[in-house]
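Reviewing the structure listed below.
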Amino acid sequence: MNKKYSCILLLISIMLILLPYPTMAVDTTPPNLYVVQTADTLPSIAKRYNISTHELKITNGLQSDSLIKGQKLWVPVTYEVTTGENLEEIAWANNSTIQTIKETNNLTSNHVYPGQILTIKPKKMNMNGQHILMNRDEFKDWLFNQQITRDIQLIQQHHTWKPSYKNFHGNNHFQLLNSMQHHHMKTMGWDNIAQNITTFPDGKIAVSRPLNTAPEGSIGPKANKHGIAIEHIGNFDQGHDVMTKEHQETIVYITALLSLKFGLTPSIDTITYHHWWHYKTKERVLDNAKSYEVKSCPGTNFFGGNSTNSAKKYFYPLVKEKMKELEGLAK
Ligand SMILES: [Zn+2]
-12 MNKKYSCILL LISIMLILLP YPTMAVDTTP PNLYVVQTAD TLPSIAKRYN ISTHELKITN
48 GLQSDSLIKG QKLWVPVTYE VTTGENLEEI AWANNSTIQT IKETNNLTSN HVYPGQILTI
108 KPKKMNMNGQ HILMNRDEFK DWLFNQQITR DIQLIQQHHT WKPSYKNFHG NNHFQLLNSM
168 QHHHMKTMGW DNIAQNITTF PDGKIAVSRP LNTAPEGSIG PKANKHGIAI EHIGNFDQGH
228 DVMTKEHQET IVYITALLSL KFGLTPSIDT ITYHHWWHYK TKERVLDNAK SYEVKSCPGT
288 NFFGGNSTNS AKKYFYPLVK EKMKELEGLA K
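For the sequence shown, the working numbering assigns the number -12 to the initial residue and increments by one for each residue that follows.
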């Protein structure tokens, strides 16, 4: 190869290296996920996709009519069936259900054929007033579609103490949430239910107080300002409720997801136990308080204890491991 050609080749190689990276990146937002723009309103998006605002809200777990730029919403799509696909796969891949697809397209059986055009609406979420009840997968999708405008630095772990496991009957999630909300507003005089998130013995997760609103619990304003409060239904003091495996998995899983979402590395400064905050002064005292100056919350037997040492030894490693697992899935 002569010198002139090698120079040209070198020049081309340098130009390729210098090309801005984003031009090579592929847009991975699926067609049934709409990214909210500045001028959008709930009615304008609903009109564009020919659905009601109520349907848009209930399929996206929206707690109010206000939207935030960058927030992602599940929307209906037109879909062409390809060879070898069945309804179950199509529903799963498009955040829908077999029932929803059949109803929308007036199908009398589960049979679909290549070339068939379907309208696929997103599945409805389980909502009751402001409460959204989800399983772990649903919570993951929901959380990553949200735009959080608050600066979140602290994930608080609490147990409810009362209601405890004996008050949970397998299907009374909303009843427990509404009675806690009533207690917090009527007895405590707070604006809304104190906690943002509640977890249940069956592993289900509820979002109640919107994540864009700071929590309002007895832990105090310092912990609440940049915090997200999670209440775990149960009494996890020694000798009381024994946490179920499903509940353990959910607590680790959602703490890991929230850490990823808000860019937090598990430590005593990012994942806190109520027990580390003084009952009266509302200052963080960690393990340096008399027992009557702090609550035992989230329980003397919460993942092996409520001290900073037990958090470091038993809880944070599980959260870190789960974060790695979730990051692996995202790639
Ligand atoms: Zn607490």
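Virtual Cβ for every residue (Gly too), placed ideally from N, Cα, C.
Exercise. Within 10 angstroms of its Cβ, does H213 collect 16 or more other Cβ (buried), or is it exposed?
Worked result: In the sequence shown, the residue the question calls residue 213 occupies position 226. With fewer than 16 Cβ atoms within 10 Å of its Cβ, H213 is classed as exposed.
For this session: Please determine if the region 176 to 188 and the region 290 to 305 are in contact, where contact requires at least 3 C-beta pairs separated by less than 8 angstroms.
Result: Too few Cβ pairs lie closer than 8 angstroms, so no.
For this session: Return yes when the C-beta of I206 is under 7 angstroms from any heavy atom of ligand 1, and no when it is not.
Result: For the purposes of this step, residue 206 is taken as the residue at position 219 of the sequence shown. Answer for I206: yes, Cβ within range of ligand 1.
Problem set entry | H169 Cβ short of 7 angstroms to ligand 1 heavy atom set | Taking the sequence shown and counting its residues from 1, the one referred to as residue 169 is at position 182. H169 Cβ: outside cutoff for every heavy atom of ligand 1.
Exercise. Can you give the Cα-Cα distance for V306 and K248, rounded to whole angstroms?
Worked result: Here residue 306 is taken as the residue at index 319 of the sequence shown, counted from 1. Here residue 248 is taken as the residue at index 261 of the sequence shown, counted from 1. So the two alpha carbons sit approximately 13 angstroms from each other.
Exercise. Which residue or residues does DSSP assign as beta-bridge partners of E270?
Worked result: Here the question's residue 270 lines up with position 283 in the sequence shown. Per DSSP, E270 has no beta-bridge partner at all.
Problem set entry | Close-in-space but distant-in-sequence residues of the same chain around P202 (CB under 8 angstroms, 5 per side omitted) | Walking along the sequence shown from the start, residue 202 turns up at place 215. Excluding residues within five positions, the ones whose Cβ falls inside 8 angstroms are Q143, A181, Q182, N183, R196, N211, G214, I215, A216.
Problem set entry | Those residues, in chain order, that have a beta-carbon closer than 5 angstroms to some heavy atom of ligand 1 | Matched residues: H145, H261, C284.
Exercise. Is the CB-CB distance between Q24 and K59 below 8 angstroms?
Worked result: Against the sequence shown, residue 24 aligns to sequence position 37. Against the sequence shown, residue 59 aligns to sequence position 72. Not closer than 8 angstroms, so no.
Exercise. For N115, which residues does DSSP report across the bridge?
Worked result: Translated into the one-based positions of the sequence shown, residue 115 becomes position 128. Its beta-bridge partners are H118.
Problem set entry | For I85 and Y100, the rounded distance between their alpha carbons | By one-based count along the sequence shown, residue 100 stands at place 113. By one-based count along the sequence shown, residue 85 stands at place 98. Cα-Cα distance, rounded: 15 angstroms.
For this session: Along the beta strand (DSSP E) that carries L105, what are the first and last residues, could you check?
Result: For this step, residue 105 is matched to residue 118 along the sequence shown. 104 to 107 is the extent of the beta strand (DSSP E) around L105.
For this session: Please list the segments of the beta strand (DSSP E) lying wholly inside the region 169 to 236, counting only runs of 3 or more residues, in order along the chain.
Result: Fully enclosed beta strand (DSSP E) runs of no fewer than 3 residues occupy 184 to 186, 192 to 194, 214 to 219 of the region 169 to 236, in order along the chain.
Exercise. With burial defined as no fewer than 16 other Cβ atoms inside 10 Å of the residue's Cβ, what is the status of T147: buried or exposed?
Worked result: Position 160 of the sequence shown, counted from the first residue, corresponds to residue 147. Buried, by the Cβ-count rule.
Problem set entry | Whole-number beta carbon distance between L130 and L319, since they are thought to touch under 8 angstroms | Residue 319 is absent from the model: the chain starts at -12 and stops at 318.
Problem set entry | Collapsed DSSP secondary structure at H156 in the structure displayed | Mapped onto the sequence shown, residue 156 falls at position 169. Reduced to three states, the DSSP call for H156 is coil.
Exercise. Closest to A298 by CA distance: which of K267, T268, S254 is it?
Worked result: Within the sequence shown, numbered from 1, the residue matching residue 298 stands at position 311. Checked all of K267, T268, S254; the closest Cα to A298 is S254.
Exercise. Taking the Cβ atom as the reference point for each residue, do I220 and T252 lie within a distance shorter than 8 angstroms?
Worked result: For the purposes of this step, residue 220 is identified with residue 233 of the sequence shown, where counting begins at 1. For the purposes of this step, residue 252 is identified with residue 265 of the sequence shown, where counting begins at 1. No, Cβ-Cβ distance for I220 and T252 is not below 8 angstroms.
For this session: Compute the beta-carbon to beta-carbon distance between F290 and Y301, rounded to the nearest angstrom, for a pair I have assumed lies under 8 angstroms.
Result: Here residue 290 refers to the residue found at position 303 of the sequence shown. Here residue 301 refers to the residue found at position 314 of the sequence shown. 5 angstroms between Cβ atoms; contact.
Exercise. Is DSSP giving Q144 helix, strand or coil here?
Worked result: Indexing the sequence shown from 1 puts residue 144 at position 157. Here Q144 carries a strand assignment [DSSP, helix/strand/coil].
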